Structure formats: C-alpha cells, structure tokens
C-alpha cells in the first residue's frame, strides 16, 4: 500500500527586515513558506524565494514595494485549505471553507481551534520586541488525508530575557513622550539613548513602532509594547 506523502509548511510572520540564520535553517527543511506580512523589505521576500516557494500577504508595515502583494490569500496546499491575512480583524466573515487560518500582526504566538477551523499566529521571528519570544511554526501535512500537526518553534526558550535599563513602569509613558519629541526633532538613536540613560535597543524598538504605525502616540506605543510583559514583576524595575 502506498504511504501518504508528508509535507512541511513553514509559517512565519512579522520579520520586519530581519531573517535570522536559525530561521533560514528551519525553512530549508520545508517545501513551502507562508509569511503573514510585515516583511518591511523586498529583500526579505527575495531571500525567502531562494529557499522555497513563498506565499505572502501584505502587512501594515509593508509599504509601496509590496503593492503587488494581496491583503488576503486563499490557497489549497497538499490537500489543506489555507486562508491568510495579516491582521485577524480584517479576515473574511465566513471561514466555512477554511482548514487553517494564518495571521500575524500581534507578534504573539497563538493557536486554537474554533468551529472546525484551526487558527494560527506564528508570532514574530524578526527583531525581538522586548520580552516577547521569537517564534514561528512548522505545519506537517499528510497530503492524501489532509490531516496536519502544528509544531511551535521558540528560539528564545532558555535564553535570558532582555532588559530595559533605566525605565520603570511608572515613568515609561513620560519617557516615550520624550523619545517621540526627540525623534521629531531629528535626533539620532544614539543621542536619545544617551540623553535619557536608556538602552539603544529600547529606543530602536520605539522608533520601529512609531514609523510603522503613523500617528501613534505614547499610549499607543505602550499598548503595542505589551507593557504587562515588560513589567512582569510587580513593584520591580527592569534591570
């Protein structure tokens, strides 16, 4: 009896201009790559295409270079009906014809089953956003049956969490307001970090959110930074 063909689908999202060597090695073991948006650069798309065929949607951080990418995508792959959109808030209303729903945007890994549809957010495997992990997923599919399994891959397991030196929960909003003001004045990242006594990585993360979300204010940046994840020890500053 002929055995079922087994295929691996790599699912990544929110690379934001960074394709890590560890991620590339995992991708090489997959037959196809699905990217949930926010590549931020055509170079990422080109690098992915060198590894395997790529299916990608346009994220809110993908500007003019990505105008040919679709906002949503529906494809049957190895007998699996896959639907993908960057932000799950923008999904189509009816998912009755979907087996696997892929999305991104939040940088937070999520998988659940709802009304016969498997929801999967692979999280972000690009630049690490403070204490959120660096994650992706690999979907193993039996082509003849359409049955599949999802493997979560977390590159930050066992790795110490980055600090945000000089910033406490109480002064975070005020610090962000100053950073935004300095950015508008054309100050460089190095200057802002030194002036405020905070880490350069922190300022870079704030700048990234500010640039990819036009009009966002300090509170909006706090929301996207996942403040609860930043300060997960009540009464303690991040050191």
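Numbering (our numbering), first residue to last: 33 to 271.
Backbone N, C-alpha and C define an ideal beta-carbon position, used for all residues, glycine too.
Being a predicted model, the structure only gives us computed values, none of them experimental.
Next on the checklist: DSSP has residue 66 in a bridge; who is on the other side?
Outcome noted: Translated into positions along the chain shown, residue 66 becomes position 34. Per DSSP, 43 and 87.
Checklist entry - Which first and last residues belong to the alpha helix (DSSP H) in which residue 215 is found? => result The count along the chain shown starts at 1 and reaches residue 215 at position 183. Where residue 215 is concerned, the enclosing alpha helix (DSSP H) stretches over 204-216.
Checklist entry - Around the C-beta of residue 177, are 16 or more other C-beta atoms found within 10 angstroms, so that it is buried, or is it exposed? => result As a working note, residue 177 is residue 145 in the chain shown. Exposed.
Checklist entry - Given that a residue counts as buried once 16 or more other Cβ atoms are within 10 Å of its Cβ, and exposed if not, what is residue 235? => result Translated into the one-based positions of the chain shown, residue 235 becomes position 203. Per the 10 Å Cβ criterion, buried.
Checklist entry - By Cβ distance below 6 Å, which residues in the same chain neighbour residue 79 in space, the five residues on each side in sequence not counted? => result The residue labelled residue 79 in the question sits at position 47 within the chain shown. 51, listed in sequence order.
Checklist entry - If you count every other CB in all the chains shown that lies within 10 Å of the CB of residue 48, and 16 or more means buried, which is it? => result In the chain shown, residue 48 corresponds to position 16, counting from 1. Flag for residue 48 reads buried.
Checklist entry - Would residue 41 be called buried (16 or more neighbouring beta carbons within 10 Å of its own) or exposed? => result Indexing the chain shown from 1 puts residue 41 at position 9. Buried.
Checklist entry - According to DSSP, what are the bridge partners of residue 113? => result The residue labelled residue 113 in the question sits at position 81 within the chain shown. Partner(s): 108.
Item to check | DSSP beta-bridge partners of residue 119 | outcome: If you number the chain shown from 1, residue 119 lands on position 87. According to DSSP, residue 119 bridges with nothing at all.
Checklist entry - Residue ranges of each alpha helix (DSSP H) run of no fewer than 4 residues wholly in the segment 164-190, ordered along the chain? => result none
Checklist entry - Three-state secondary structure (DSSP) at residue 102? => result On the chain shown, position 70 is the one that residue 102 refers to. It is a strand residue.
Item to check | Pair within 8 Å by beta-carbon distance, residue 32 and residue 187 | outcome: Residue 32 is absent from the model: the chain starts at 33 and stops at 271.
Checklist entry - When the distance is taken between beta carbons, is residue 238 closer than 8 Å to residue 211? => result If you number the chain shown from 1, residue 211 lands on position 179. If you number the chain shown from 1, residue 238 lands on position 206. Yes, the Cβ-Cβ distance between residue 211 and residue 238 is below 8 Å.
Next on the checklist: Contact defined as beta carbons within less than 8 Å: I believe residue 179 pairs with residue 166. What is the distance between those atoms, to the nearest angstrom?
Outcome noted: Walking along the chain shown from the start, residue 179 turns up at place 147. Walking along the chain shown from the start, residue 166 turns up at place 134. About 28 Å separates the two Cβ atoms, so there is no contact after all.
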